[in-house]
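Q: Got a structure for you, questions after.
Encoded structure:
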């Protein structure tokens, strides 16, 4: 059986889809998946052993440079690759207009969310079969249900299995710390999902007192500058070079744990069963929480407006880019909760 998945982005959303593939592989052993994905994240689908081919898109660039894209033949080539296979099933696991257009172009029996539960109204017109799967549930669970109903198997009651723990990851060409180290993921796509730098620096200080090295990843020039500010003056803090996602996964897999804000790398760390504590304020971990056997979420307390899902914080007299709910989460509290999580993980029976 050959199935096409249409889920273009983002990093965390792609990771959240992986347990559904594991379920399907166990229910239908000969199943093979192809996956249409944003070229920026094309590494992620390939991590799962059930994925054969990836079909990359550059839809953001195509939209900005439509005339140039049409002239170059990129869209024609993409369409040819997309339509080169007659699939037994095409699953739109994203449910917005972009993914629906791609789904409509593919060959096969098309499945997706119904008009009430698709992310964007109208996406459902691209599908032959529709499933009512309310958005007010953990995204991983919702996707597992979508795949089970689309492919006709019973949804297992097991914990999500991302299929990543036993994978061999490529080692980056950097000097690794000789002592135990932690990954501190400070960057997020929304400014108000970031934890204030003063708290990160306090946390780095605490980690050093506990004999940990701290590794700081980044993905943009702005994030790199922040990483250098966080590491300034700390010999035990190391700003990483820009690394492919697979090499970052290697570092997570051998680390002693990760403390993260709500961003894609938190999902990777959690999926690898690394002790992972993720901080949430404007967003809701009940819907999109980083999930894994050793993952927990720290929700900012004391604010009735959380989760607001706003990119710009407006609470009391404050108007600005820093979420005041996250500003109220102290580094000592975060370390205490992470230390409990880490200790519990160490003491788990083999």
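Residue numbers (our numbering): 1 to 350. Yeah, the Cβ is synthetic: ideal placement off N, Cα and C, and Gly gets one too.
1) Let me check understanding here. Comparing Cα to Cα, which of 343, 246 and 23 lies closest to residue 294?
2) What does residue 258 pair with, by DSSP beta-bridge criteria?
3) Under a three-way DSSP split, which group does residue 85 fall into?
4) With distances taken Cα to Cα, identify the nearest neighbour of residue 323 among 12, 299 and 235.
5) Got a sec, what are the start and stop residues for the alpha helix (DSSP H) residue 225 sits in?
6) Could you please give me the residues that DSSP links to residue 107 through a beta bridge?
7) Which whole-angstrom value describes the C-beta separation of residue 321 and residue 192, a residue pair presumed to lie in contact below a C-beta threshold of 8 Å?
8) Restricting to Cα atoms, I'd like to know which of 297, 190, 164 and 334 is closest to residue 273.
9) Classify residue 238 as helix, strand or coil using the three-state DSSP reduction.
10) Mind checking whether residue 36 and residue 4 have CB atoms under 8 Å apart?
11) Okay, do the region 305 to 313 and the region 167 to 181 touch, 3+ Cβ pairs below 8 Å being the bar?
12) Let me confirm a value: residue 349 is counted as buried when at least 16 other C-beta atoms fall within 10 Å, else exposed. Which label applies?
13) When you compare each of 58, 103 and 79 to residue 90 by their alpha carbons, which one comes out closest?
14) Using a threshold of 8 Å, state whether the C-beta atoms of residue 133 and residue 158 are closer than that.
A: Concretely, from the data shown:
1) The residue given as residue 294 occupies position 294 in the chain shown. Looking at the Cα atoms, 343 is the closest of the given residues.
2) Position 258 of the chain shown, counting from 1, holds the residue named residue 258. Note: residue 258 sits in a beta bridge opposite 183 and 276.
3) Locating residue 85 in the chain shown gives position 85, where the first residue counts as 1. Three-state DSSP puts residue 85 in coil, outside helix and strand.
4) In the chain shown, counting from the first residue as 1, residue 323 sits at position 323. Cα-wise, what sits closest to residue 323 is 299.
5) For this step, residue 225 is matched to residue 225 along the chain shown. From DSSP, the alpha helix (DSSP H) with residue 225 extends over 221 to 231.
6) Looking up residue 107 in the chain shown gives position 107. According to DSSP, which records beta bridges pairwise, residue 107 is partnered with 86.
7) One-based indexing of the chain shown puts residue 321 at position 321. One-based indexing of the chain shown puts residue 192 at position 192. The Cβ separation is near 6 Å, so the contact holds.
8) To locate residue 273, count along the chain shown from 1; it is residue 273. Of the listed residues, the one whose Cα sits closest to residue 273 is 164.
9) For this step, residue 238 is matched to residue 238 along the chain shown. If DSSP states are grouped into helix, strand and coil, residue 238 belongs with the strands.
10) Locating residue 36 in the chain shown gives position 36, where the first residue counts as 1. Locating residue 4 in the chain shown gives position 4, where the first residue counts as 1. Closer than 8 Å, so yes.
11) no
12) Position 349 of the chain shown holds residue 349. The pLDDT assigned to residue 349 is 46, lower than 50, so where the model puts this residue is not dependable; a value taken from the coordinates is nonetheless given after this. Classification of residue 349: exposed, given that the 10 Å Cβ count is below 16.
13) Here residue 90 refers to the residue found at position 90 of the chain shown. Taking only the C-alpha atoms, the option nearest residue 90 is 103.
14) Along the chain shown, one-based indexing puts residue 133 at 133. Along the chain shown, one-based indexing puts residue 158 at 158. Contact: no.
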